[in-house]
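Have a look at the structure below before the remarks.
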Amino acid sequence: MARIRINKLAVELNVQNDQIIDALQKKNVTVKNFMSSIDEEATAYIRELFSPKGAKKPAATTAKPKAKAKSKAKAKANVKFQSPARKRVEPEPEPEEKPAPPPEVKEQKVQKGPKESANKPVKEKSSGGVSELTTLESLRKAAPKITTLKRNVNKALPKPIKLELDEPQKPVKKTSLKIIKTEDKPHFETKKLVHQKSKPKPVHVEQSKTQKRKKAKAIIEEPKIVEPVGDAQQETFEVVQLTDNIPVRDLAEKLKCTANNIIKELMLFGIMSNINQCLDFDLACKVADKLGFEVERVQKASDLDFEEDEQDLEADRTLRPAIVTIMGHVDHGKTSLLDAIHKTNVTQGEAGGITQHIGAYQVQLKHSAITFLDTPGHEAFTAMRARGAQVTDIVVLVVAADDGIKPQTKEAIDHANAAGVPIMVAINKIDKPDANPAEVKKQLANLGLLPEEWGGQTIYSEISALVGTGIEHLLEVITLQAEIMELKANNHIRAKGTVIESKLDRGRGPVATVIVQQGVLSVGDPFIVGPYFGKVRSLINDKGHKLKKAGPSTPVEVIGIPSVPNPGEQFIVVNDEKKARQFSLMRIQEKRESHLAESTRVTMDDLHQQISEGKIQQLNLIIKADVQGSIHAIEESFTKLESELIKIKTIHAGVGGITESDVLLASASNAIIIGFSVRPTDKASQLAAREEVDIRLYSIIYEAINDMKLAMDGMLEPKFKEVILGKVEVREVFTVPKVGTIAGCKVASGKVEKNVQARLIRDNVVVYDGKILSLRRFKDDVKEVQSGYECGLCLDKFQDLKQGDIVEPYMLEEITR
Numbered sequence: 025m026a027r028i029r030i031n032k033l034a035v036e037l038n039v040q041n042d043q044i045i046d047a048l049q050k051k052n053v054t055v056k057n058f059m060s061s062i063d064e065e066a067t068a069y070i071r072e073l074f075s076p077k078g079a080k081k082p083a084a085t086t087a088k089p090k091a092k093a094k095s096k097a098k099a100k101a102n103v104k105f106q107s108p109a110r111k112r113v114e115p116e117p118e119p120e121e122k123p124a125p126p127p128e129v130k131e132q133k134v135q136k137g138p139k140e141s142a143n144k145p146v147k148e149k150s151s152g153g154v155s156e157l158t159t160l161e162s163l164r165k166a167a168p169k170i171t172t173l174k175r176n177v178n179k180a181l182p183k184p185i186k187l188e189l190d191e192p193q194k195p196v197k198k199t200s201l202k203i204i205k206t207e208d209k210p211h212f213e214t215k216k217l218v219h220q221k222s223k224p225k226p227v228h229v230e231q232s233k234t235q236k237r238k239k240a241k242a243i244i245e246e247p248k249i250v251e252p253v254g255d256a257q258q259e260t261f262e263v264v265q266l267t268d269n270i271p272v273r274d275l276a277e278k279l280k281c282t283a284n285n286i287i288k289e290l291m292l293f294g295i296m297s298n299i300n301q302c303l304d305f306d307l308a309c310k311v312a313d314k315l316g317f318e319v320e321r322v323q324k325a326s327d328l329d330f331e332e333d334e335q336d337l338e339a340d341r342t343l344r345p346a347i348v349t350i351m352g353h354v355d356h357g358k359t360s361l362l363d364a365i366h367k368t369n370v371t372q373g374e375a376g377g378i379t380q381h382i383g384a385y386q387v388q389l390k391h392s393a394i395t396f397l398d399t400p401g402h403e404a405f406t407a408m409r410a411r412g413a414q415v416t417d418i419v420v421l422v423v424a425a426d427d428g429i430k431p432q433t434k435e436a437i438d439h440a441n442a443a444g445v446p447i448m449v450a451i452n453k454i455d456k457p458d459a460n461p462a463e464v465k466k467q468l469a470n471l472g473l474l475p476e477e478w479g480g481q482t483i484y485s486e487i488s489a490l491v492g493t494g495i496e497h498l499l500e501v502i503t504l505q506a507e508i509m510e511l512k513a514n515n516h517i518r519a520k521g522t523v524i525e526s527k528l529d530r531g532r533g534p535v536a537t538v539i540v541q542q543g544v545l546s547v548g549d550p551f552i553v554g555p556y557f558g559k560v561r562s563l564i565n566d567k568g569h570k571l572k573k574a575g576p577s578t579p580v581e582v583i584g585i586p587s588v589p590n591p592g593e594q595f596i597v598v599n600d601e602k603k604a605r606q607f608s609l610m611r612i613q614e615k616r617e618s619h620l621a622e623s624t625r626v627t628m629d630d631l632h633q634q635i636s637e638g639k640i641q642q643l644n645l646i647i648k649a650d651v652q653g654s655i656h657a658i659e660e661s662f663t664k665l666e667s668e669l670i671k672i673k674t675i676h677a678g679v680g681g682i683t684e685s686d687v688l689l690a691s692a693s694n695a696i697i698i699g700f701s702v703r704p705t706d707k708a709s710q711l712a713a714r715e716e717v718d719i720r721l722y723s724i725i726y727e728a729i730n731d732m733k734l735a736m737d738g739m740l741e742p743k744f745k746e747v748i749l750g751k752v753e754v755r756e757v758f759t760v761p762k763v764g765t766i767a768g769c770k771v772a773s774g775k776v777e778k779n780v781q782a783r784l785i786r787d788n789v790v791v792y793d794g795k796i797l798s799l800r801r802f803k804d805d806v807k808e809v810q811s812g813y814e815c816g817l818c819l820d821k822f823q824d825l826k827q828g829d830i831v832e833p834y835m836l837e838e839i840t841r
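When we follow the numbering used here, the leftmost residue of the sequence shown carries the number 25, and every step to the right adds one.
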């Protein structure tokens, strides 16, 4: 379909770009700017709206009077308008074939025309025998009209007259054509037509007089046949196909320009790049649009071959076992529950066998089966969700009846809700004397898990993993929930699955625990897992038995992988090993490109830009503070900052330091972590740097609120960057008279310097932020102590040092703008 840009259409119709954009927006046609292109329907609407309606009508209405005017006043026109042209050129008269004007009249015109006025040639003409063509009265009536037209033509068309007189030798024909045009059309239209046809016109003028009428008619009707916008209607833009990530050099090749041109365009957008840098699709689309190309988004070739080869028909799908993850707080009985379920379903023949711990196992019931994931809690659950692997169907939340709600219980609920997985509650340890299941239900109901008997939708089951009470009932309600969800998979297509665990075994090499999600996995199948390819050499189930095939929801250990894949990677079977090798190379290249052009996460610095571009409509926050009251105050203050463009949602809040679990949840949910008077652990800081999670730490609540407000308004500019110098562990505390408390320390990492800012951290909570007053090694004052050495230090105006405290020296570096 032919498309046209708005700016070219505006030039064609002689209107402003904004007028066309406003008209299209009123018509609900989405356009970004004057460089956008519109389809034929929108183009026709704009042409009809802005094209001059009165431009073509005079040509059609005056076409009929033209013939009469030419037939009645032909001699008058020749007398009055041909004489000035002859005066300039004075060509020799040639014999004409047409008998209508006698040759004697022409000779008189050539001699008398130049010096006489408009009325004198009429008298000469009438005395020369031409009075038969018209009367004196008709000449007097027509004379003012003709003289007016003559003045207009002489003023409006000086250049076309000269062009026509350069080549042809018969000026009589040219002047007559001009007279016909000026009689029938207004001055401004005549000027436009003559300018457009000034070059090809002399070719037609050289022909005989018999074609004069046809030529004049063609000139009058020409705007109807060939409009000045004919070329723009046929204009089309070349379409280029781009993937999600593309290097600058490849983009330059597709856009048929040099890489330097692409880099210059990126510099205009404020982006510095090189020839090897990868661009995301949105940025590449902007560059291509500016260079005059239409962009079509295409899928990766590997994804197309993997996903579009086979049809996943609904008729081929059959019911599959549910995949259940057990979650809950530490020491609430998760492992005991898994052991109780496993022992209940182990047959006598398998009792003496070796049970393989592969991270997942399947329980066979009377009419169905259930697959349980034995993962290290919610952290692995979130890690798999962060990689896009939605494996779990149902979450069973284990809560101790004598302990109630704990921090990890809330975290598990937040993780399950973020993943959109239904939650079932198993109240454990009901055999204890101080068990209070009713109180647990009340606490969980306040968190949104309302029991069914109270009018909610959450299924509760009271169990005792130690005694074995309620285990059968729990399995029944899980089966019932799975039947309601109608979990299905297709067994007739190539197998796909997800890696749950992976390890390097000394005797077997790289081993991955895979849950098959669709299709049937067989021994000998070539596969791709992450960037690696291989061939299935062996399949081992959770009971240690070798299998030839594994269907949907079946956990198996796969042997035959060349390297250890990451948990959460997709396991895909391909048709042949040759294709698997090709896809492996493509995956390695994709992994490299995605790493280079990885989309930036939400940060406080670019929050306003992402809001204005429409990339985010909801800002997810994780709030950690030293006390619960600070959390409520921060949540209420942030809620007041919401607007129509952005909503603020706290997906998790808790008391204590920032842990790896918080960073994993922020990474999976694209959230910002707000820490109030708390610090992240070393592993959490390293993970946040690796996952590019933004952690903001505050000690004054008004600073947190003000920064969030400025970030949403786009005015937050970081002035200083905090650089952690090292970690110092307090081993002993000494009290010296007249000096105060001195800490005997060991530098665990980095270094410590004298007279720098430092904070004292106790149980991941900041209890002091000040300055290192003195630093000694043995009895000597030193400026700094490196990692691995012991030292003594004294903090400014702080004496409450305790063994086990962490001193964190840091510096504030000013950021250049």
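Think of the CB as a built atom: it goes at the ideal place given N, C-alpha and C, for glycine as much as any other residue.
**Prompt:** Where DSSP assigns a beta bridge to lysine 770, which residues make up the other side?
**Reply:** Glu753, Glu814
**Per-residue DSSP class, three states only, for methionine 296** = coil
**Request:** Over the uninterrupted beta strand (DSSP E) stretch that includes threonine 349, give me the two end residues.
**Result:** 346-352
**Item:** Nearest residue (CA-CA) to valine 419, options Ser392, His391, Met448, Ile394
**Value:** Met448
**Request:** Count the other CB atoms, across all protein chains shown, that sit within 10 Å of the CB of glycine 699; report buried if there are 16 or more and exposed otherwise.
**Result:** buried
**Request:** Classify lysine 520 as buried or exposed, calling it buried when 16 or more other Cβ atoms lie within 10 Å of its own Cβ.
**Result:** buried
**Prompt:** Which whole-angstrom value is the C-beta distance of isoleucine 437 and leucine 397, which I expect to be below 8 Å?
**Reply:** Not really, about 18 Å apart at Cβ, beyond 8 Å.
**Request:** State the DSSP-derived secondary structure class of lysine 32, mapped to helix, strand or coil.
**Result:** helix
**Request:** Compare the Cα-Cα distances from serine 811 to each of Ser773, Glu507, Val790 and report the closest residue.
**Result:** Ser773
**Request:** Taking the CB atoms as reference points, tell me whether lysine 775 and glutamate 808 lie closer together than 8 Å.
**Result:** yes
**Prompt:** The alpha helix (DSSP H) with serine 661 in it runs from where to where?
**Reply:** 652-663
**Item:** Under the three-state DSSP convention, the category proline 461 falls into
**Value:** helix
**Item:** Buried or exposed (CB count within 10 angstroms, at least 16 for buried), lysine 111
**Value:** Residue placement at lysine 111 is poorly supported in this model, since its pLDDT is 40, which falls under 50; the coordinates are not used for a value here.
**Message:** Going by beta-carbon coordinates alone, are isoleucine 11 and valine 55 separated by less than 8 Å?
**Reply:** Residue 11 is absent from the structure shown; the chain starts at 25 and stops at 841.
**Request:** Please indicate yes or no: does the CB of arginine 532 lie closer than 7 Å to some heavy atom of the ligand NAD?
**Result:** Among the ligands in the structure shown, none appear at all, so the ligand NAD cannot be discussed.
**Message:** Which residue marks the beginning of the alpha helix (DSSP H) containing glutamine 386, and which one marks its end?
**Reply:** Glutamine 386 -> not in any alpha helix (DSSP H); beta strand (DSSP E) instead, spanning 384-388.
**Message:** Comparing C-alpha positions only, which one of Ser577, Leu315, Ser392, Val790 sits nearest to isoleucine 502?
**Reply:** Ser392
**Message:** Using 8 Å as the cut-off, can you tell me whether the segment 426-433 makes contact with the segment 448-464, which would need three or more C-beta pairs spanning the two stretches below that distance?
**Reply:** yes
**Request:** Return yes when the Cβ of leucine 490 is within less than 8 Å of the Cβ of aspartate 455, no when it is not.
**Result:** yes
**Item:** Alpha carbon of asparagine 441 to alpha carbon of methionine 291, nearest angstrom
**Value:** 43 Å
**Request:** Tell me, please, whether the segment 503-516 touches the segment 555-568 by the rule of three or more beta-carbon pairs shorter than 8 Å.
**Result:** no
**Item:** Residue burial classification, isoleucine 854 (beta-carbon count within 10 angstroms, cutoff 16)
**Value:** Nothing can be reported for residue 854, as the shown portion of the chain is limited to 25 through 841.
**Request:** Evaluate contact between the segment 785-796 and the segment 670-681, counting only Cβ atoms and requiring at least three cross-stretch pairs below 8 Å.
**Result:** yes
**Request:** Report the option in Ile796, Leu337, Val597, Gln49 whose CA atom is closest to the CA atom of alanine 767.
**Result:** Ile796
**Message:** So, with DSSP's three-state summary, where would you put histidine 676?
**Reply:** strand
**Request:** Determine the DSSP secondary structure at glutamate 581, reduced to helix, strand or coil.
**Result:** strand
**Prompt:** Near glutamate 668, which residues of its chain fall below 8 Å by C-beta distance, leaving aside the five closest residues on each side in sequence?
**Reply:** none
**Three-way DSSP call (helix, strand, coil) for glutamate 837 in this model** = strand
**Prompt:** What are the boundary residues of the beta strand (DSSP E) that includes valine 263?
**Reply:** 263-266
**Asked** Across which residues does DSSP place glutamate 510 in a beta bridge pair?
**Response** According to DSSP, glutamate 510 bridges with nothing at all.
**Request:** Return the CA-CA distance between threonine 282 and serine 709, expressed in angstroms with no decimal places.
**Result:** 42 Å
**Prompt:** Can you tell me whether DSSP reads leucine 571 as helix, strand or coil?
**Reply:** strand
**Prompt:** Going by DSSP, which residues form a beta bridge with isoleucine 447?
**Reply:** Val419
**Message:** By the three-class DSSP mapping on this structure, what secondary structure does phenylalanine 595 have?
**Reply:** strand
**Enclosing beta strand (DSSP E) for leucine 797 [first to last residue]** = 789-801
**Message:** So for alanine 821, helix, strand or coil by DSSP?
**Reply:** According to the sequence displayed, residue 821 carries lysine and not alanine. Coil at lysine 821, not helix or strand.
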